[in-house]
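Chains as they are written, first to last, in my numbering: chain L, 5 to 341; chain G, 5 to 341. Even for Gly, the Cβ is constructed at its ideal location relative to N, Cα and C. Remember, it's a predicted structure, so these values are computed and weren't measured experimentally. In what follows, a structure is listed as structure tokens, so that the remarks can point back to it.
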């Protein structure tokens with residue numbers, strides 16, 4: 005904590021705070037609630053959102069930043085080595101910023117009923133959802149700090165000296181069977197964009213495609229979509245859906261070293277993910293859309309990792325995204341074309 | 005969200021961000037990690053902390069605000085009806101504020117290995133920890149909004165129209181068997197106070213006694229202790245421990261309507277909790293200490309609930325706490341006596 009770097013000048017906020025989007029009631033037994041008090045209803049599937057609105061420039065388009073698998077909104081806050089996160093940087097550049105925890109994780113909580121039912125013996129253990137976390141060892145190749153644990157790429161932009169602080173950002177991820185289908189986060193993101201009267205939706209990794217899905221639920225509120233290192237860009241959109249996406253500015257961002265084996269069962273390499281997004285961009289462009297790829301290595305910026313918002317050059321990368329927002333999305337309410 | 009009330013003037017921060025305190029490595033199997041990637045180590049038992057440091061008055065004593073059972077640091081943020089939380093209010097009054105999520109909850113995560121072991125059949129379901137949440141129905145009497153669900157006390161200070169937004173703050177609480185003993189949050193709070201070079205430690209409800217325990221781990225870093233509606237004040241401290249606590253300013257805060265039945269198995273009424281704290285205050289005073297009770301009804305302030313930091317008069321209550329800090333704790337580094 006001593007290493008936290010205090011920026012100057014001060015951060016001047018018109019407002020900050022937090023709230024929830026979505027959620028519904030679940031009726032549960034005393035046992036399902038842990039037995040301290042009477043049976044009844046609890047809120048489940050709500051999405052926690054923390055926000056900061058800058059004093060200067062608060063009429064700029066709001067930006068919603070969604071984290072990836074096994075992580076929380078912490079991804080966008082202070083970096084593992086104590087530098088400024090994208091949340092504050094975008095605020096300092098004049099954008100209201102909204103950082104959720106996905107439904108089922110962090111301050112959004114999860115539905116514990118099934119766990120207590122299994123404990124009590126009324127439900128078989130096999131009904132439990134699989135809960136995901138990534139080992140430190142798996143993170144090195146999968147997040148592309150280096151091909152092997154402890155051996156960073158010579159040009160790695162990730163602050164590998166602070167990799168243990170990234171490890172602490174990990175939380176159990178119940179997205180794979182522990183939350184409803186479709187993922188309530190998608191509707192919550194769409195509703196958040198509506199309540200904000202339009203927003204840029206940004207996803208990362210597992211949530212990389214979420215902005216696309218949220219935009220399809222309510223296209224007019226999605227002023228721009230930023231897909232940061234998405235796990236996969238969908239290949240199964242209908243022509244109608246592609247036409248809708250072609251009406252929205254879309255930016256896809258990938259880092260470097262995408263060709264190494266991830267060691268993860270869901271993809272052989274991040275190049276697969278990159279190519280799936282190139283294919284989607286091609287379809288959207290063919291429909292007249294403005295989707296585009298931001299590929300830093302092509303511009304001579306090397307060594308960016310999967311955690312590009314935490315890399316040492318994270319603000320340089322942010323500047324490209326901010327410039328794209330300025331050029332393609334413009335001010336709140338009025339999209340530039 | 006439309007109801008969020010924007011204060012003016014702007015909030016001017018010297019710094020804001022987040023970090024982790026504590027944590028250790030746990031070696032886990034591929035199955036325990038959810039099977040997506042290789043076996044290895046993850047961080048567990050770390051404590052997430054979010055902070056805001058005001059530009060003016062940042063040399064004032066920092067205040068650490070810890071939430072209660074089934075809740076997260078959200079307790080101290082924007083109230084359920086969209087008013088300013090104690091986190092921002094204390095910052096606006098010149099105090100750096102640090103808001104953790106207890107180990108095992110929210111952005112601090114929890115250790116999922118046992119859950120995946122039970123799912124895989126290698127551990128009996130009975131080994132699962134009991135996971136606690138409070139039903140909406142149980143919250144009405146237990147948090148003292150009214151004696152029965154839906155029927156608020158005529159003088160209730162809680163914004164009962166927004167009680168569903170409080171419900172959304174609930175997260176599964178693994179404190180009862182799902183985290184190590186002693187609770188790692190206690191050591192983390194003590195370490196946080198040391199890193200801050202002294203802090204006022206504030207706990208609420210389940211964490212109400214935590215400031216006492218953290219102070220006993222490192223008395224010199226605990227510049228003041230604020231116990232807000234503690235579930236229980238310990239009765240088993242040694243004379244040596246009482247002597248230590250007598251060297252630290254201590255304030256206990258309780259709301260109104262403490263005599264109604266809670267409906268919760270751990271206490272018949274909150275008056276029991278109040279009396280346990282009066283007993284502790286008595287012991288500390290007998291040892292020459294400055295511990296004291298802040299009992300709003302005695303001052304004609306009626307209707308405060310267990311969630312006093314979210315009540316409609318939450319800033320009035322905060323003013324009493326701030327005045328106590330000013331008088332009893334003083335500036336960072338130098339305690340007034």
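- Per DSSP, the beta bridge partners of residue 26 (chain G) are G:50.
- Excluding residues up to 5 positions away in sequence, 69, 80, 313, 318, 322 lie with their Cβ nearer than 7 Å to the Cβ of residue 90 (chain G) in the same chain.
- Proximity of residue 149 (chain L) to chain G, defined by a Cβ-Cβ separation below 9 Å, is not satisfied.
- Taking the beta carbon of residue 43 (chain L) as reference, the chain G residues within 7 Å of it are 139, listed in sequence order.
- At least one C-beta of chain L is nearer than 9 Å to the C-beta of residue 168 (chain G).
- Contact check for residue 164 (chain G) against residue 230 (chain G) fails: the beta carbons are separated by 9 Å or more.
- Inclusion of residue 61 (chain G) and residue 98 (chain G) in the CB contact set at 9 Å is warranted, their separation being smaller than that value.
- Taken through DSSP and simplified to helix, strand or coil, residue 320 (chain L) comes out as helix.
- When the five nearest sequence neighbours on each side are left out, the beta carbons in the same chain lying within less than 7 Å of the beta carbon of residue 299 (chain L) are those of 258, in order along the chain.
- The beta carbon of residue 308 (chain L) does not come within 9 Å of any beta carbon belonging to chain G, so the residue lies off that interface.
- Between residue 273 (chain L) and residue 264 (chain L), the C-beta spacing is below 9 Å.
- Around the beta-carbon of residue 213 (chain L), 16 or more other beta-carbon atoms lie within 10 Å, marking it buried.
- Residue state for residue 93 (chain L) is assigned as helix, using DSSP reduced to three classes.
- Taken atom to atom, the span from the alpha-carbon of residue 187 (chain L) to that of residue 46 (chain L) is near 19 Å.
- Per DSSP, residue 214 (chain L) is one residue of the alpha helix (DSSP H) stretching across 214-221.
- Look at the region 87-147 of chain G and you find these whole runs of beta strand (DSSP E), each 3 residues long or longer: 101-105.
- One alpha carbon belongs to residue 139 (chain L), the other to residue 150 (chain L), and they sit about 15 Å apart.
- In this structure, G:48 is the residue among G:39, G:18, G:48 with its C-alpha nearest to the C-alpha of residue 29 (chain G).
- Following the DSSP letters along the chain, one finds residue 191 (chain L) in no beta strand (DSSP E) but inside the alpha helix (DSSP H) bounded by residues 188-199.
- Close partners of residue 59 (chain L) in chain G (Cβ separation under 7 Å): 14.
- Per DSSP, the beta-bridge partners of residue 21 (chain G) are G:55.
- Residue range 226-232 is occupied by the beta strand (DSSP E) that includes residue 226 (chain G).
- Separation of residue 201 (chain G) and residue 25 (chain G) (C-alpha to C-alpha, rounded to the nearest whole angstrom) is 15 Å.
- Each residue's CA atom was taken as its position, placing residue 216 (chain L) and residue 249 (chain L) some 7 Å apart.
- Just so you know, the alpha carbons of residue 145 (chain G) and residue 266 (chain G) end up roughly 5 Å apart.
- A check of alpha carbon separations from residue 252 (chain G) across G:180, G:280, G:328, G:113 identifies G:328 as the nearest.
- Close to residue 245 (chain L), with beta-carbon spacing below 9 Å, lies no residue of chain G; the smallest spacing is near 28 Å.
- The residue from L:125, L:297, L:168 with its alpha-carbon nearest to that of residue 141 (chain L) is L:168.
- Contact check between the region 233-250 of chain G and the region 102-110 of chain G: fewer than three CB pairs, one atom from each, fall below 8 Å, which does not count as touching.
- Residue 55 (chain G) and residue 100 (chain G) have their C-alpha atoms some 7 Å from each other.
- Contact note: residue 76 (chain G) reaches chain L through 111, using a C-beta cutoff of 7 Å and chain order.
- In the three-state reduction of the DSSP assignment, residue 246 (chain L) falls in the helix class, which pools H, G and I.
- Between the alpha carbons of residue 181 (chain L) and residue 85 (chain L) lies a distance of about 33 Å.
- In terms of Cβ geometry, residue 122 (chain G) and residue 122 (chain L) form a close pair [threshold 9 Å].
- Residues are counted here when their Cβ sits less than 9 Å from a Cβ of chain G; for the region 267-281 of chain L these are 267, 268, 269, 270, given in chain order.
- Positions of the beta strand (DSSP E) runs, each at least 3 residues long and wholly inside the region 266-310 of chain G, are given as 296-298 in order along the chain.
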